[in-house]
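Worksheet: the structure to be examined is printed underneath.
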Amino acid sequence: MPHFSLPELLIVLVIVIVLFGVGRVSKLGGELGSAIREFRKGLTGGDTDNAKTDEPSKTPDTTTK
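Our numbering numbers the first residue of the sequence shown as 37 and each following residue consecutively.
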């Protein structure tokens, strides 16, 4: 198994940026990050963001009409 050092990884990164452009590489990075985030949410079995937003809706409505 070959081991890549920092200069080799930087050369590969420069080649990828030249071939695809900075915009596409940053878009792919963002999509990869969101995919990893969703995968981790799936592993934990819950999404804490929605649980925090659901709490105020559970309070009973005390307004009268």
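We treat Cβ as the ideally placed atom computed from N, Cα and C, and that holds for glycine. Only a predicted model underlies this, so the values are computations on that prediction, with no experimental measurement involved.
Close-in-space but distant-in-sequence residues of the same chain around residue i (CB under 6 Å, 5 per side omitted)
i: Ile72; result: none
Cα-Cα separation between residue i and residue j, rounded to whole angstroms
i: Ile53; j: Gly66; result: 15 Å
i: Ser63; j: Val50; result: Per the sequence shown, residue 63 should be read as Lys rather than Ser. So the two alpha carbons sit approximately 16 Å from each other.
Close beta carbons around residue i, own chain, < 8 Å, minus the five adjacent residues each side
i: Val61; result: Val52 and Ile53
Chain B within 8 Å of residue i, Cβ atoms only
i: Arg76; result: As a matter of chain content, chain B is missing from the structure shown, which is built from one protein chain.
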